[in-house]
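Down below is the structure, laid out as structure tokens.
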Amino acid sequence: MKKTLLFNILFYFVIISFLYSAGETSFNFLKISQGARQSGLGEAFTGVADDVNAIYWNPAGLAQLTRQQVCLLHSVWLVDVNYEYLAYAIPVIGVGTFGIYGTFLAGHITITDENPVTGQYIITDDIARASDINITLAYAKKLSEIVGDNSVFSDMYAGLNINITMENIYEDTGNGFGTNLGILYYPRYQNYSFGLMILNAGIASERPTLPFAIKLGFGYRFSFENILSPFTDEGYYKFSENDSALAIDLIYYPIEQTTKANFGAEKYWNLNKFHSVAVRLGYKFGSDLGLLAGLTVGAGYRLTLNENFQFDFDYAFVPYGDLGESHRISITGKMFGPAETNYFENKEEAVKYYKEGYELLYNKKYAEAILKFSESLKRYKNYAQAYMGMGACFLRLGKKETAKKVYELALQNDPNNQKLKEFIESTKWDIK
């Protein structure tokens, strides 16, 4: 009797299991990252989750979306295996955000037989195929739409996804069902965010289990050119557009009893109002394939047609040591709505903080007043009176140079204020 050898077709699934430490689990292709941007960030995205790929990384992040998004990814994986990914998300006002994605991983190899007489291996005309298919549905909602804007939960987002998986390796098949739960905390007017994700809380048939994991993520957005502003007086009144991000993920696999950490950073440069470019760098700690195998690099190009249409073209290079490397390319379209932001103009709250700051200024509590005026400006960045109040505080604290800058910002936002203009011109600033 002939012995059929499927070494090659099984080999790439062995690689997948090895890469993801999956000796006790099946469906390990579910750990393959979705999105070239996220791959370039070292797969640290749980605490950021700000685009359509949040369906996979943290479904709660979908609630941040203000427009429809679609992402298409192609990855040349190991051993000539192709990996395809398509995702779509749509926010529905008053209801929440819905998302769906599908993945397809496939490869094939010619079967060889062993001749029982000679012991030689003969290439046949038969083909052995293997494939993995996953379909995931997701839903997310802002908790502020449920509990209101004044609750401790108002800055939180919650989401879940349900995935159905089908795995086929030659004549062996397996099916699985999993549920992922996510929470994202992203305070309004702040640059930091936290994410929590429970992955694959489900069951699998004809396989031991789905890969179960708990992820904790942190994200921080900032302006690279003004990175030190938060540590200086400028941080109270200068709110630059964020063009950079840092992200950290901690992942715990209870079944494998391992903990891993991922780190990522990205920087955007605006060439003009239509074109932007980005670079990304990431590192996945705990790789079994050597130090360089944890390194990831990426690049991106953003085309902004207008405020309602934007397209991102992203690339990532992910090495796997002696096993080779993976190239990932994705296109993300963001359509039919304004860009996502954590800035929400609220003049009513701005006036409230301004009045509190003015009272503190009147009582000579200048440092506390500056904080109130700063909160006012975060909610209404063109509020001239708040700049004037802050300028008065800095002036009384003896910080004349800073005071002058703030007063000039007040004048920029209220150019017809003749008294303010005369005050700036007549004051002896004595700035060296």
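Residue 781 is where the sequence shown starts when you use this note's numbering, and the numbers rise one by one after that. For glycine and all other residues, C-beta sits at the position ideal for the given N, C-alpha and C. From a predicted model like this one, the values you see are computed outputs, not experimental measurements.
Bridge partners - residue i, DSSP secondary structure assignment
| i | result |
| --- | --- |
| Gln-1090 | Thr-1084 and Lys-1114 |
| Glu-1046 | Ala-1025 and Arg-1060 |
| Ser-855 | Tyr-863 and Arg-1108 |
| Ile-942 | Leu-917 and Thr-959 |
| Met-1170 | Answer by DSSP bridge pairing: none, since Met-1170 is not bridged. |
| Val-1098 | Ser-1106 |
| Pro-871 | Thr-877 |
| Ser-973 | Gly-999 |
| Asp-912 | Leu-885 and Glu-947 |
| Tyr-937 | Lys-922 and Leu-964 |
| Tyr-1163 | In DSSP, Tyr-1163 forms no bridge with anything. |
Proximity of residue i and residue j at Cβ, strictly below 9 Å
| i | j | result |
| --- | --- | --- |
| Asn-971 | Asn-1050 | no |
| Gly-1062 | Gly-1080 | no |
| Asp-1092 | Gly-1117 | no |
| Phe-1054 | Leu-1083 | yes |
| Ala-1027 | Tyr-1048 | no |
| Leu-964 | Gly-1137 | no |
| Ile-1150 | Phe-1174 | yes |
| Pro-1034 | Ala-993 | yes |
| Gly-1078 | Glu-1046 | yes |
| Asn-862 | Gly-939 | no |
| Asp-1029 | Gly-815 | no |
| Leu-1141 | Ala-1166 | no |
| Asp-1197 | Ala-1164 | The question names Asp, yet the displayed sequence has Asn at residue 1197. Yes, they are a contact pair. |
| Lys-1018 | Ala-1041 | no |
| Ala-829 | Gly-956 | no |
| Ile-913 | Thr-945 | yes |
| Gly-876 | Ala-843 | yes |
| Ser-1106 | Phe-1097 | yes |
| Phe-1089 | Met-1115 | yes |
Residue i - DSSP class collapsed to helix/strand/coil
| i | result |
| --- | --- |
| Ser-1003 | coil |
| Thr-826 | coil |
| Tyr-919 | strand |
| Gln-814 | coil |
| Pro-967 | coil |
| Leu-821 | coil |
| Asp-831 | coil |
| Glu-1205 | helix |
| Tyr-836 | helix |
| Ser-801 | The predicted position of Ser-801 is uncertain, since its pLDDT is 44 and thus under 50; a value taken from the coordinates is nonetheless stated next. If DSSP states are grouped into helix, strand and coil, Ser-801 belongs with coil. |
| Gly-928 | coil |
| Gln-849 | strand |
| Asp-1068 | coil |
| Thr-1039 | strand |
| Phe-1054 | coil |
| Phe-884 | strand |
| Gly-1074 | helix |
| Asp-1013 | helix |
| Lys-1199 | helix |
| Leu-979 | strand |
| Tyr-729 | This structure leaves residue 729 out entirely; the chain is present only between 781 and 1212. |
| Leu-842 | helix |
| Leu-1177 | coil |
Minimum C-alpha distance to residue i - residue among the options
| i | options | result |
| --- | --- | --- |
| Ala-834 | Met-1170, Tyr-1000 and Gly-975 | Gly-975 |
| Thr-916 | Leu-866, Lys-1132, Ser-1156 and Ala-1172 | Leu-866 |
| Asn-941 | Thr-1207, Tyr-1134 and Tyr-836 | Tyr-836 |
| Glu-1125 | Thr-846, Glu-1139, Ala-1096 and Tyr-1160 | Tyr-1160 |
| Glu-864 | Ser-1067, Lys-1180, Ala-1119 and Tyr-881 | Tyr-881 |
| Asp-935 | Glu-947, Lys-922 and Lys-1180 | Lys-922 |
| Ser-1067 | Ser-1156, Asn-943, Asn-1052 and Tyr-1100 | Tyr-1100 |
| Lys-995 | Ser-855, Ile-1031, Asn-930 and Glu-1202 | Ile-1031 |
| Tyr-868 | Val-856, Gly-874 and Thr-883 | Thr-883 |
| Asp-1194 | Ala-1130, Asn-960 and Asn-1162 | Asn-1162 |
| Tyr-1133 | Tyr-1123, Asn-1143 and Glu-1155 | Glu-1155 |
Any non-hydrogen atom of the ligand GTP closer than 8 Å to residue i Cβ
| i | result |
| --- | --- |
| Leu-866 | Here there are no bound small molecules, and the ligand GTP is not part of this structure. |
Entirely enclosed alpha helix (DSSP H) segments - the segment 1104-1159, minimum 4 residues: 1127-1142 and 1146-1159
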